[in-house]
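Remarks on the structure that follows.
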Amino acid sequence: MQYAVRSTRRPLFSLIIPAYNARNTLPACLKAVHASDFQDWELIVVDDGSTDGSAELAAGFGAWVMGTGGRAGPAHARNLGAAAANGRYLFFLDADCQLHPDTLGRAARHLQADPTLDALFGSYDDTPAAPNFISQYKNLFHHYIHQTSRETAVTFWAGCGAICRERFLELGGFDAARYPRPAIEDIELGCRLTAVGGRIRLAKDVQVTHLKKWTLPTLLRSDICDRAIPWSQLLHGATAVPADLNLQGKHRLSGAAALVLLFSLLGMKWRRGTAVFALLSAAALFWLNRDLYQFFRRKRGWFFALRAVPLHWLYYFYGTAVYLLAPIAPNSACR
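The opening residue of the sequence shown carries number 246 in my numbering; numbering runs sequentially from there.
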């Protein structure tokens, strides 16, 4: 499947957007691309077996539309787009992300100012579109993690990230065989890139608005099945664990404190003395994450921050539990 006329010029960016039943968010995504202050790009949308007319919609926005021939996953879809791209850099963008007018221009300036950079990625902004609490929490947490992490990165993010096309092809692209569904294919690619001496920058001023509406079930499934399990399996096979993003020291300590808190609360039924451990671990969690809770308070108020605390502690519990159980967990746990 191919729609629209293919450009033969060599732009700076080949924008590659994988889309699966993305009709609700794709129009806003593509409108923002055309409204960008930076126009040195070609637009490729790879339809991953959609049944809602996403391909035809994308063609109406002037995109060159390719098809995977059926549901193959975003890793395969991105690889397909990359193989056909003309740009010097592949700029991957999710179909539920909306560029700011200056997003592409900022990314271009970073890459042109430092030709030794092989890749960069940005973050969600602090104004997620969906108004419900879970969506606001999830996206603000993502924004905070990226905005408070080191600019010298060891992983990659394909929600809004650019990588040198030649480097991408040398590495073999995303590992679509290992990740046939949305997972950590971008993180794994970044690890491979830095392992061979590649340089990746977290460009904090390169931001997009996330349009996705999260619910508690979709958040838990994504966090556990698509992130924690494959990420833990990758870490157990690594020679060193990167102290970056949500693997910084305070996050590891928070994971341990969350486990102590849970088991202390459970143990209070038999031993009252465990209440001391529960209080100490709760205090440690508050202290280690005080900057995040202050960030929530500044952005959405005290009530929002207080509601976020138990959800955040739950995140540390299941993330740490999955990491500890990953070596013995079956690969089909979430299928």
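Glycine included, C-beta positions come from ideal geometry on N, C-alpha and C.
Cβ neighbour criterion (16 or more within 10 Å) applied to residue i
{"i": "F531", "result": "exposed"}
{"i": "V441", "result": "exposed"}
{"i": "T454", "result": "buried"}
{"i": "K457", "result": "buried"}
{"i": "A364", "result": "buried"}
{"i": "D370", "result": "buried"}
{"i": "E415", "result": "exposed"}
{"i": "L302", "result": "buried"}
{"i": "N384", "result": "buried"}
{"i": "T313", "result": "buried"}
{"i": "T373", "result": "Strictly speaking, residue 373 in this sequence is Pro, with Thr absent from that position. P373 is buried by the Cβ-count criterion."}
{"i": "P555", "result": "exposed"}
{"i": "D282", "result": "exposed"}
{"i": "F548", "result": "exposed"}
{"i": "P319", "result": "buried"}
{"i": "L569", "result": "exposed"}
{"i": "H481", "result": "exposed"}
{"i": "I408", "result": "buried"}
{"i": "E287", "result": "buried"}
{"i": "A550", "result": "buried"}
{"i": "E433", "result": "buried"}
{"i": "G494", "result": "exposed"}
{"i": "N377", "result": "exposed"}
DSSP bridge partner residues for residue i (one or two, in chain order)
{"i": "A274", "result": "Residue identity differs from the one stated: residue 274 is Cys in this sequence, not Ala. DSSP, once it has assigned bridges, lists no residue as partnering C274."}
{"i": "L344", "result": "V453"}
{"i": "P467", "result": "A quick correction: the sequence has Ser, not Pro, at residue 467. Answer by DSSP bridge pairing: none, since S467 is not bridged."}
{"i": "L365", "result": "A407 and R446"}
{"i": "A334", "result": "Residue identity differs from the one stated: residue 334 is Tyr in this sequence, not Ala. F258 and C409."}
CB-CB length for residue i against residue j, believed under 8 Å
{"i": "C405", "j": "L338", "result": "6 Å"}
{"i": "H446", "j": "G332", "result": "According to the sequence displayed, residue 446 carries Arg and not His. Not really, about 18 Å apart at Cβ, beyond 8 Å."}
{"i": "V278", "j": "A322", "result": "17 Å between Cβ atoms; not a contact."}
{"i": "A330", "j": "I289", "result": "6 Å"}
{"i": "A280", "j": "P346", "result": "6 Å"}
{"i": "A340", "j": "L271", "result": "5 Å"}
{"i": "S526", "j": "A502", "result": "4 Å"}
Proximity test, Cβ basis, 8 Å: residue i and chain B
{"i": "V278", "result": "This model lacks chain B altogether, as it is built from one protein chain only."}
Item to check | Whole runs of the alpha helix (DSSP H) within the region 258 to 326, excluding any shorter than 4 residues | outcome: 271 to 279 and 299 to 305
Checklist entry - Just checking, does the region 395 to 409 make contact with the region 292 to 300 on the three C-beta pairs under 8 Å criterion? => result no
Item to check | Complete alpha helix (DSSP H) runs within the region 372 to 430 (minimum length 4 residues, chain order) | outcome: 378 to 392 and 410 to 415
Next on the checklist: So, does the region 259 to 270 touch the region 318 to 337, judging by three or more C-beta pairs under 8 Å?
Outcome noted: yes
Checklist entry - Quick one: any contact between the region 422 to 429 and the region 468 to 476, if contact means 3 or more CB pairs under 8 Å? => result yes
Checklist entry - Taking the runs of the alpha helix (DSSP H) that are 4 residues or longer, which of them lie wholly in the region 507 to 557? => result 519 to 533 and 535 to 545
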